[in-house]
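Here the protein sequences come in this chain order: A and B. Just so we're aligned: the first sequence equals residues 81 to 489 in our numbering. Just so we're aligned: the second sequence equals residues 272 to 660 in our numbering. Virtual Cβ for every residue (Gly too), placed ideally from N, Cα, C. See structure below.
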Amino acid sequence: MKKQSLIQHIITGLNDLKWVYINEFKQIFRDKGVMIIFFLGGMLYPLIYNSLYMTENIYKIPIAVVDNSASKESREFLKKLDATPEVLLKESCSNLEEASDLLKRQKVHGIIYFPKDFHSKIAKHEQAHISVYSDMSSFLYYKGFLTATNRVMLEQSNLIHLDRYNNIGTYGYNAQQLSRAINATEVALFNPGGGYASFLIPGILILIIHQTLFFGIGMLAGTAREENKKHTLIPDHLIGKGIYRVVLGRAATYFTLYSLISAYVIGLIPIIFNLPRIGNIWEIYKLMLPFLLSTIFFSMSLSIFIKNRETGFIAFLFSSVVLLFLSGLPWPRSGMPDFWRYFSYIFPATHGVQGYVKMNSTGATLSQIRFEYIALWIQTAIYFIIATFTLNYMVKESKVASENINSED
Amino acid sequence: MIVKGFKNVFKRELRQMFSRPIYLFATILIMGFCYTFFLSLMQQGLPQKLPVAVVDLDNSTISKRTIRELNATPSTEIVLVTGSYLEARELMQSGDIFGFIVIPKNFYKDILTNKIPEVPLYYNNSYLIAGSLVYKDLLTLSVLGSAAYERAVIQKRGVDKENILPTIQPIVIDKHQMGNPWVNYSVFLVNGIIPGIFQLTIIMMTIFVIGFEIKNRTSKSWLKKSNYSLAVGLAGKLAPYTILFIIIGLSGNVLIFKTMNFPMNGSFILFSFGTILLVLAAQAVGIFIIGLLPVLRVAISIGAIFSILSVTYTGFTFPIEAMPPMAQGASLLFPVRHYYLFYVKEALLGAGPSVSIIHLCAIMSFLILPFVVYYRLKEAAIKMNYSIK
Numbered sequence: 081m082k083k084q085s086l087i088q089h090i091i092t093g094l095n096d097l098k099w100v101y102i103n104e105f106k107q108i109f110r111d112k113g114v115m116i117i118f119f120l121g122g123m124l125y126p127l128i129y130n131s132l133y134m135t136e137n138i139y140k141i142p143i144a145v146v147d148n149s150a151s152k153e154s155r156e157f158l159k160k161l162d163a164t165p166e167v168l169l170k171e172s173c174s175n176l177e178e179a180s181d182l183l184k185r186q187k188v189h190g191i192i193y194f195p196k197d198f199h200s201k202i203a204k205h206e207q208a209h210i211s212v213y214s215d216m217s218s219f220l221y222y223k224g225f226l227t228a229t230n231r232v233m234l235e236q237s238n239l240i241h242l243d244r245y246n247n248i249g250t251y252g253y254n255a256q257q258l259s260r261a262i263n264a265t266e267v268a269l270f271n272p273g274g275g276y277a278s279f280l281i282p283g284i285l286i287l288i289i290h291q292t293l294f295f296g297i298g299m300l301a302g303t304a305r306e307e308n309k310k311h312t313l314i315p316d317h318l319i320g321k322g323i324y325r326v327v328l329g330r331a332a333t334y335f336t337l338y339s340l341i342s343a344y345v346i347g348l349i350p351i352i353f354n355l356p357r358i359g360n361i362w363e364i365y366k367l368m369l370p371f372l373l374s375t376i377f378f379s380m381s382l383s384i385f386i387k388n389r390e391t392g393f394i395a396f397l398f399s400s401v402v403l404l405f406l407s408g409l410p411w412p413r414s415g416m417p418d419f420w421r422y423f424s425y426i427f428p429a430t431h432g433v434q435g436y437v438k439m440n441s442t443g444a445t446l447s448q449i450r451f452e453y454i455a456l457w458i459q460t461a462i463y464f465i466i467a468t469f470t471l472n473y474m475v476k477e478s479k480v481a482s483e484n485i486n487s488e489d
Numbered sequence: 272m273i274v275k276g277f278k279n280v281f282k283r284e285l286r287q288m289f290s291r292p293i294y295l296f297a298t299i300l301i302m303g304f305c306y307t308f309f310l311s312l313m314q315q316g317l318p319q320k321l322p323v324a325v326v327d328l329d330n331s332t333i334s335k336r337t338i339r340e341l342n343a344t345p346s347t348e349i350v351l352v353t354g355s356y357l358e359a360r361e362l363m364q365s366g367d368i369f370g371f372i373v374i375p376k377n378f379y380k381d382i383l384t385n386k387i388p389e390v391p392l393y394y395n396n397s398y399l400i401a402g403s404l405v406y407k408d409l410l411t412l413s414v415l416g417s418a419a420y421e422r423a424v425i426q427k428r429g430v431d432k433e434n435i436l437p438t439i440q441p442i443v444i445d446k447h448q449m450g451n452p453w454v455n456y457s458v459f460l461v462n463g464i465i466p467g468i469f470q471l472t473i474i475m476m477t478i479f480v481i482g483f484e485i486k487n488r489t490s491k492s493w494l495k496k497s498n499y500s501l502a503v504g505l506a507g508k509l510a511p512y513t514i515l516f517i518i519i520g521l522s523g524n525v526l527i528f529k530t531m532n533f534p535m536n537g538s539f540i541l542f543s544f545g546t547i548l549l550v551l552a553a554q555a556v557g558i559f560i561i562g563l564l565p566v567l568r569v570a571i572s573i574g575a576i577f578s579i580l581s582v583t584y585t586g587f588t589f590p591i592e593a594m595p596p597m598a599q600g601a602s603l604l605f606p607v608r609h610y611y612l613f614y615v616k617e618a619l620l621g622a623g624p625s626v627s628i629i630h631l632c633a634i635m636s637f638l639i640l641p642f643v644v645y646y647r648l649k650e651a652a653i654k655m656n657y658s659i660k
């Protein structure tokens, strides 16, 4: 007897799941707004961001030159500086005021200034100074200009160096060894070009999945709460103890859709735009499993705050920017105050971005990102439980509302 | 008449504002959160104590000294000294370190016997900012190491003390970072992100409060209060938010520039005037979008896309001129882009009003937008002839 009722129970459960699963598909395909978020958002955003950041870096930053030295040394320095990919010597000014005016108008983003005594100091074996002024409105101007100037400076210093040792009778290898006792070779192990897209886009791709899921699910919930006041779309026997079946069934729907969308976003986009992809794609899909599930349950849990179709956007659109910074991609986690670091653990996006960037951009294996992987599964469990409670609350609320309307009739 | 209409609508909107939490949440709470979040997140200015590792294959006194010196730099912290390259590489993949240096076998012996040892510096550019900072520190260390050796040798050879430094470093670069001498990342980022979110909040709220009336078919009763004048109706409806956002924006300016002492090399008053104009311009964009598409759900989606894109198009991280030429022109369409340029020239670089004011004019030009859609919006609000879906 008992056994049979258990089987019976399971069969009803599966039938309910199937009903919810199919019904949710209908809801989604019936709703233009949700379709736009899921499909157009998921498809277009990766394309837009990739095309904006396509150049990866800023080249030929225009700078102004004030060369009061007008010597062989300063001209050679400038020639080499102009040959660097980062910098373009655009303006030549007779004094600093003129150049600084150009900088303030952002006609140039840097100034290099050789004082009158530049040549004579080198000739007299004194330290010669060069001044550089950089536009600090963007990190990339500063970084590009300074990297180029430093490189040329080291090269020229080394030449002067060798020259001086030659003068005191140290030649060849010995002189070289003196001027550079240690030879540092720099190896950017990952993202070797230091590209901006290669750095930021992988994180943005994960955020696009997170945010489109979040806003889409929020819109479905908001619409249901707004329009279903007169009838609840859930069969009565599923309310209460059976509500987990609705949560599971809906999650299965979102998961099915997002398996496809994710395959496009992280499987295809990096190939199209030649982004870093040194990870094992199947292992990355294994990470996506708890990432998608936790994001789905997280979004369903938070739907409780979304009472209208549109309020999700009004209340939470700003979170896209905040989540990017919480993920620890633009600003390293080790530099975050503890409070924000722990706060960031609440969101699937944080672990998703971290896990994905580590696997995709630095070739980590699943076992190397155990922390993120386990965190995502824990989130899946916790948000699943919260989602059942919030859904139950929302269903009851709409039932009460419809009963009120009925009694008024 | 006009005054009375304005007052009626204004009062009606105030009631609306306090009727549901969304209105105050999406204005005061979001902006309060964002100021707190971004200002405290990057409090350090430069990320401190970035984790690095040392692969020490030499285990000599000099390799140990190198490790101590690396630990003394403020921006890096050695979390691991190991004898295995593989271990360090794996730590870099799992994101536990941002870079490492390999001190090769026979490092000390090589130096003593006048060979040039190779010291590879590995760093992770997948985290661009952390990676570049770690690289800079590791490189400085190796340069200093070379210099220390050179100093010791030439000192022994009897080079005069005052000649040592010029020999080691014949050319010196004096750096002047205009407007941000501390190379504070907070300064790079805060004044780009916060205005972006501020504009986003204003646009979305403006679309919402107007569109919600149309959607709920209450727009006629709203305009009835202003005697069917859309201008008065809009003014009365949006004024509570204008006031609220101006208060938020100006308090934010006081917080950023007066309390936290971010660089302000121009006029604080003029800059704050720019903030007020940004509020008005963003509201104008909001009116334009809902006027063009008087269906709340469509307008909200368009507003969201516009607002999120404008954060990128502010150009504070990736400069606009580095984008493909086809994509650059679009930057003109975002009020916050002009506001950012105004900030750079007025506050950061101190170029003075003669240079910066052009950007204020650009922000002001957005105020034309509501007139473009005026009749369309009026039709939609009174006749309510658009489907709500």
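- Taking a Cβ-Cβ threshold of 8 Å, the residues of chain A close to B/H447 are S211, V212, Y213, S214, in chain order.
- Listed along the chain, the chain A residues whose CB falls inside 7 Å of the CB of B/Y420 are A261.
- By alpha-carbon distance to B/K446, the top candidate from A/Y251, A/S211, A/N271 is A/S211.
- Uninterrupted beta strand (DSSP E) stretches at least 3 residues long and entirely within the segment 149 to 178 of chain A occur at 167 to 173, given in chain order.
- In the structure shown, B/S581 falls within a helical segment according to DSSP collapsed to helix, strand and coil.
- Against chain A, a Cβ distance below 9 Å from B/C305 picks out F398, V401, V402.
- Cβ neighbours of A/I323 within its own chain (closer than 6 Å, five residues either side excluded): T468, L471, N472.
- Shown here for A/I202: same chain residues with a beta carbon closer than 8 Å to its own, the five before and five after excluded, namely E153, A208, I240 in chain order.
- Cβ contact annotation for B/Y614 (same chain, cutoff 6 Å, sequence separation greater than five): N462, in chain order.
- DSSP, read as helix, strand or coil, puts A/I426 in coil.
- For the pair of segments examined, the segment 333 to 340 of chain B was found not to touch the segment 291 to 307 of chain B: the number of CB pairs separated by less than 8 Å stays below three.
- Counting only residues of its own chain and dropping the five nearest sequence neighbours on each side, A/R413 has a CB closer than 7 Å to the CB of R421.
- Annotation: the continuous alpha helix (DSSP H) that includes A/E307 extends over 276 to 307.
- A/S214 is bridged by DSSP to A/G190, B/Q448.
- Among the residues of the segment 145 to 170 of chain A, those with a Cβ less than 9 Å away from any Cβ of chain B are E153, F157, in the order of the chain.
- Put simply, the backbone Cα of A/V437 is about 7 Å away from that of A/G283.
- Taking C-beta atoms as the reference points, B/L509 and B/Q554 count as a pair closer than 7 Å.
- Only exposed fits B/W453, as fewer than 16 other CB atoms lie within 10 angstroms of its CB.
- When DSSP states are grouped into helix, strand and coil, B/G545 belongs to the helix group.
- In this chain, B/P565 is not harboured by any beta strand (DSSP E), its DSSP state being neither H nor E.
- At a C-beta separation below 7 Å, B/N342 has no neighbours in chain A, since its nearest C-beta there lies roughly 15 Å away.
- A direct Cα-Cα distance of roughly 26 Å separates A/A455 from B/A324.
- B/S413 is positioned such that its CB atom lies closer than 7 Å to that of A/A264.
- Put simply, of A/A444, A/N440, A/I426 the residue whose alpha carbon is nearest the alpha carbon of A/F378 is A/I426.
- Taking C-beta atoms as the reference points, B/S334 and B/F378 count as a pair closer than 7 Å.
- Residues of the same chain with a CB within less than 7 Å of the CB of A/S342, apart from the 5 flanking positions on each side, are I289, M368, L372 in chain order.
- With a 10 Å radius around the Cβ and a threshold of 16 neighbouring Cβ atoms, A/W362 comes out exposed.
- Selection A/S149, A/L161, A/F118 evaluated against A/Y139 yields A/L161 as nearest (Cα-Cα).
- When secondary structure is reduced to three states using DSSP, B/L392 falls in the strand class.
- For chain A, none of the residues of the segment 532 to 557 of chain B brings a beta carbon within less than 8 Å of one of its beta carbons.
- Leaving aside the five residues that flank B/A570 on each side, the residues in its chain whose CB is nearer than 7 Å to its CB run, in chain order, I478, G482, I560, I561, L564.
- Of all alpha-carbon atoms in B/H609, B/I639, B/K654, the one lying nearest the alpha-carbon of B/A633 is that of B/H609.
- The shortest CA-to-CA distance from B/Y584 to any of B/L603, B/N330, B/F371 is the one to B/L603.
- Put simply, the CB of B/G523 is far from chain A, with every gap to its CB atoms at 7 Å or more.
- In this structure the segment 316 to 331 of chain B touches the segment 402 to 417 of chain A; the number of beta carbon pairs closer than 8 Å is three or more.
- Interface annotation, A/P417: in contact with chain B, CB-CB separation under 7 Å.
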